[in-house]
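Residue numbers (our numbering): 109 to 180.
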């Protein structure tokens with residue numbers, strides 16, 4: 109089961125963290141959990157990250173993290 113600390117946090121590059129700081133902190137578990145649905149929508153449609161879409165492996169891992177209870 110994926111966890112934020114082990115699997116999800118490392119998916120967000122420093123560039124991504126800085127780009128999204130105006131809305132929420134991608135390094136913060138609670139903020140990512142609270143915004144996970146919107147983040148997932150943007151990851152899925154390719155509008156996030158801003159410079160290149162995630163591959164299906166990363167998007168699937170993020171979805172699995174949500175589906176399995178947002179482990180910290």
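Glycine residues also receive a C-beta, built at the ideal position from the N, C-alpha and C atoms.
- With a threshold of 16 other beta carbon atoms within 10 Å, residue 180 falls short and is exposed.
- Inter-segment contact for the segment 165 to 176 and the segment 110 to 128 is present: three or more beta-carbon pairs are separated by less than 8 Å.
- Judged by DSSP in its simplified three-state form, residue 111 adopts strand.
- According to the DSSP secondary-structure assignment, residue 179 is paired through a beta bridge with 111.
- Annotated as distal: residue 152 and residue 135, with beta-carbon spacing of 9 Å or more.
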